[in-house]
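Structure first, then comments.
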Amino acid sequence: MTTEVTGTPDETHLEAQFADTIGRKDRIEPRDWMPEKYRKTLVRQVAQHAHSEIIGMQPEGNWISRAPSLRRKAILLAKVQDEAGHGLYLYSAAETLGATRDELTEKLIAGKQKYSSIFNYPTLSYTDVGTIGWLVDGAAICNQVPLCRTSFGPYGRAMIRICKEESFHQRQGYELLMTMMRGTDEQRASVQESVNRFWWPSLMMFGPPDDDSPNTEQSMEWGIKTHTNDELRQKFVDMSVPQAEALGVTFPDEGLKWNEERGHYDFSTPDWDEFWAVVKGNGPCNDQRVNHRKRAWDEGAWVREAALAFAENSAADSAPTDSPEASSAAAPTNTTAEEAAK
Amino acid sequence: MTAHDTNEPSINIDHDEAGANIEHGESENAYSGLLVNDASWAFGTDFEDPLAGVDTTVPEGVDSRELGVYCQMLGDDALIFSQRISEWCSNAPDLEEDIALANIALDLLGQSRLLLARTAAADPSLVPQLPEGSPVPDEDRLAFFREDLQFRNVRLAEVPNGDFAEAVAKILMYSTWRLAIFERLQSSRDSVLSAIAVKGVKEMSYHRDFAGRWVLTLARGTEESKARLLSALDGLWPLWDELFETHPIEASVAAAGIGVDPAEVADEAGVILDQVFAAAGIDRPERGALAGVRGQKGRDGLHTEALSKMLADMQVVARQYPEGQW
């Protein structure tokens with residue numbers, strides 16, 4: 240375990256080694272020495288990311304029961320299930336830094352750790368499932384692809400797998416919207432209405448403007464973050480405009496136009512007041528999302544206790560029929576949708 | 005992957021031609037590389053007719069309407085139970101259980117799609133009519149455009165969810181019953197039903213195993229978990245007998261060698277359940293069977309109050325867009 244003490248000769252040497260590893264763009268692994276602040280920053284970021292996956296199950300999960308075709312129901316359920324899987328990988332990455340899943344979940348439901356603010360917006364139509372796939376997962380991918388090269392090994396490796404699945408989700412979302420655009424006038428109107436609602440919140444997913452983002456500089460120095468918020472936001476806008484044209488929808492921004500000189504699209508300033516209101520807990524669904532997670536966690540407490548007690552009882556009994564079941568019953572499966580298909 | 009070799013009928017619903025039939029025709033489309041085949045397309049999400057390439061000829065000497073209705077019974081069981089289990093999504097005690105319950109719901113959903121597609125192929129007159137030109141496929145017409153009185157699922161599949169103990173008890177009862185039926189159905193003279201059963205047996209062995217392990221865990225975990233399990237089993241037990249009652253259609257298709265008479269598997273299923281109960285150290289509940297109305301039950305289209313509410317929710321978007329493309 241690392242200590243807070245700095246400045247001793249030993250510490251200076253370790254810090255130099257750490258800086259050297261980062262400088263070579265090598266990975267820091269769980270057993271390596273790391274500055275305590277680096278560890279804390281990572282736990283915060285990985286936990287926030289894991290929480291986002293788990294809270295992110297809710298807005299789309301809201302439409303599983305009402306999906307309008309059996310095929311779409313299967314796609315949606317498998318997608319939301321994948322998000323639970325992503326949460327699992329990320330909590331595991333956080334565990335290598337000494338933070339347990341239980342402890343992080345407790346912090347989430349106590350409001351002490353955050354998750355991506357986008358999930359504090361409501362899903363008001365089934366169409367939102369497609370829009371979330373296209374824009375929200377698209378923005379998430381822009382944010383996450385650079386994280387595959389992040390300096391902490393377990394996080395980077397989890398991100399490689401997650402990004403692969405996220406890009407798959409993005410395609411499914413875009414494909415749903417494409418299909419709806421070929422449908423009836425009502426369906427096309429629904430796609431435009433949904434895009435209008437999600438465009439600005441998607442741009443806000445990259446975080447506050449660079450001059451208002453206190454953690455960016457240190458995180459970039461440590462190789463935890465590799466691009467600034469504004470760089471990624473611009474990249475996302477540039478990517479999305481041609482996609483919207485191919486789809487046949489517009490974005491709700493009068494200021495959106497190609498800037499020949501910059502080689503990028505110009506766009507208006509997001510409503511940062513709304514952004515901060517949502518971040519600070521006053522978004523349309525903040526309470527709902529956290530309360531849902533808290534209810535599920537609280538209602539499951541007796542089951543988790545029973546699994547522990549069963550494992551302990553079985554170990555104590557050491558009856559031959561008990562022992563093999565003890566561990567597997569506590570965690571019967573963690574097969575993902577993709578694995579189930581094999 | 006299909007469950008069996010080339011000389012048997014095969015149904016491929018795992019890896020699919022995802023997006024293969026998407027036509028957008030704009031070569032400059034920024035997403036042109038996006039909508040192509042991909043082996044990692046999620047489970048059960050195929051774009052094509054689930055029975056594409058499968059010979060759906062009704063075997064000789066079989067009444068095609070009876071075959072269609074029989075497949076509808078089995079398909080409705082799977083669909084309605086899947087819908088209930090999917091309500092657990094984001095609500096399970098921990099992430100592992102959330103994922104496992106979603107897997108079970110996805111397996112059952114996949115089974116229901118095949119069975120309802122078989123219904124439509126066997127007897128198109130069973131499929132609800134929609135406005136001329138509606139692109140809604142048969143499986144979705146059957147799922148989203150029938151009223152509760154036209155659903156033929158057993159009532160166990162539709163009863164509202166309780167706590168996690170209720171979920172595992174219900175899955176244990178359903179999968180023990182259905183697995184025994186599907187094991188026999190593998191030798192159905194209808195090659196489609198036989199292939200569906202071969203696939204389903206693998207899936208439901210896992211479901212039964214999952215539920216059985218949890219029943220054991222809860223029974224021998226804490227006082228509270230045992231009490232909750234007993235209460236769940238007690239509440240569900242009146243629905244057990246209905247699973248083994250023979251509807252005239254089931255008797256007829258069983259006689260024709262394409263279906264299974266559920267009464268035949270009652271003893272076997274009871275023995276398996278008793279084994280689980282014995283390992284768990286609990287007793288089989290003692291409660292009488294839930295009566296029907298004028299003798300009519302789930303298979304006759306006579307349901308609990310819960311089904312029409314579930315359908316109102318499940319069908320609302322599909323019915324809002326009867327000519328929609330999904």
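Read top to bottom, the protein sequences are chains A and B.
Heads up, the first sequence is in my numbering, so the first residue is 240 and it goes up one at a time.
Heads up, the second sequence is in my numbering, so the first residue is 5 and it goes up one at a time.
Where is the CB? At the ideal position from N, CA and C, for every residue including glycine.
For clarity, every value in this text was computed on a predicted model and none was experimentally measured.
query	result
Can you pull the chain A neighbours of Ser179 of chain B, defined as C-beta to C-beta under 8 Å?	What Ser179 of chain B touches in chain A: nothing, since even the nearest Cβ is about 14 Å away.
Following the continuous alpha helix (DSSP H) through His232 of chain A, name the residue where it begins and the one where it ends.	Since the first residue of chain A shown is 240 and the last is 581, residue 232 of chain A is not available in this structure.
Would the beta-carbon of Gly520 of chain A be found less than 8 Å away from any heavy atom of the ligand FMN?	For the structure depicted, the ligand FMN is absent and the ligand set is empty, with no information on it obtainable.
Rounded to a whole number of angstroms, what is the C-alpha to C-alpha distance between Met420 of chain A and Ser138 of chain B?	15 Å
Whose C-alpha, out of B:Leu220, B:Gln279 and B:Val163, is nearest the C-alpha of Glu309 of chain B?	B:Val163
Based on Cα-Cα distance, which residue from B:Glu290, B:Ala255 and B:Asn165 lies nearest to Leu234 of chain B?	B:Glu290
Please check if any C-beta of chain A sits within less than 9 Å of the C-beta of Ala96 of chain B.	yes
Quick one: is Val331 of chain B near chain A, going by C-beta distance under 9 Å?	There is no way to answer for residue 331 of chain B, as the model of chain B reaches only from 5 to 330.
Are the C-beta atoms of Glu246 of chain B and some chain A residue less than 9 Å apart?	no
Give me, in chain order, the residues of the same chain whose beta-carbon lies closer than 6 Å to that of Asn33 of chain B; leave out the 5 immediate sequence neighbours on both sides.	Low per-residue confidence applies at Asn33 of chain B: pLDDT is 31, beneath 50, and the placement is therefore not dependable, though the value from the model is reported in the following sentence. Cβ within range, chain order: n/a, list empty.
Can you tell me the Cα-Cα spacing of Glu342 of chain A and Ala333 of chain A, whole angstroms?	11 Å
Alpha carbon to alpha carbon, what distance is there between Asp526 of chain A and Pro509 of chain A?	23 Å
Give the DSSP bridge partners of Gln473 of chain A, in chain order.	Answer is none; Gln473 of chain A lacks a bridge partner.
CB Gly326 of chain A to CB Ile293 of chain A, shorter than 9 Å?	yes
Are the CB atoms of Ala223 of chain B and Gly166 of chain B within a distance shorter than 9 Å?	no
Taking 8 Å as the threshold, find out whether the stretch 115 to 131 of chain B comes into contact with the stretch 61 to 76 of chain B through three or more Cβ pairs.	yes
Does Asp245 of chain B come out as helix, strand or coil in the three-state DSSP assignment?	helix
Taking the alpha carbon of Met478 of chain A as the reference point, which residue from A:Leu415, A:Glu322, A:Gln284 and A:Leu442 has its own alpha carbon closest?	A:Leu442
Taking beta-carbon pairs under 7 Å, can you tell me which members of the stretch 61 to 95 of chain B lie near chain A?	Gln87, Ser90, Glu91, Cys93, Ser94 and Asn95
Just to confirm my understanding: we take Asp449 of chain A, look at its own chain, exclude 5 residues before and 5 after, and list those with CB closer than 7 Å. What are they?	Thr455, Thr467, Asn468 and Asp469
Let me know the alpha helix (DSSP H) ranges lying completely inside the stretch 209 to 287 of chain B, each 4 residues or longer, listed in chain order.	227 to 240, 252 to 259 and 270 to 284
Between which two residues does the alpha helix (DSSP H) holding Trp511 of chain A run?	Trp511 to Ala516
Beta strand (DSSP E) containing Tyr394 of chain A: first to last residue?	Careful: Tyr394 of chain A lies outside any beta strand (DSSP E), inside the alpha helix (DSSP H) at Gly392 to Met420.
What separation, rounded to the nearest whole angstrom, lies between the Cα atoms of Gly274 of chain B and Tyr330 of chain A?	41 Å
Report the partner residues of Trp497 of chain A according to the DSSP bridge assignment.	A:Tyr504
Are there 16 or more other CB atoms within 10 angstroms of the CB of Trp438 of chain A, so buried, or fewer, so exposed?	buried
Tell me Gln320 of chain A's beta-bridge partners as DSSP assigns them.	Beta-bridge pairing links Gln320 of chain A to no other residue.
Using C-beta distances below 8 Å, list every residue in its chain close to Phe248 of chain B, excluding the 5 sequence neighbours before and after it, in chain order.	Trp181, Pro266, Ala267, Val269, Ala270 and Ala273
Whole angstroms are fine: how far does the CA of His251 of chain B sit from the CA of Asp238 of chain B?	25 Å
Would you list, in chain order, the members of the stretch 161 to 192 of chain B that have their beta-carbon closer than 9 Å to a beta-carbon of chain A?	Asp167, Phe168 and Ala169
Counting only Cβ pairs nearer than 7 Å, list the residues of chain B close to Ile399 of chain A.	Per Cβ cutoff of 7 Å: no residues; Ile399 of chain A is ~14 Å from chain B at best.
Would you call the CB atoms of Arg212 of chain B and Leu176 of chain B closer than 9 Å?	yes
So, is the C-beta of Gln431 of chain A closer than 9 Å to a C-beta in chain B?	no
Which residues, in order along the stretch 304 to 321 of chain B, keep a beta-carbon less than 9 Å from a beta-carbon of chain A?	Met314, Asp317, Met318, Gln319, Val320 and Val321
If you run the structure through DSSP and keep just helix, strand and coil, what is Gln300 of chain B?	strand
Using 10 angstroms around the beta-carbon of Asp194 of chain B, count the other beta-carbons present and answer buried if the total reaches 16, otherwise exposed.	buried
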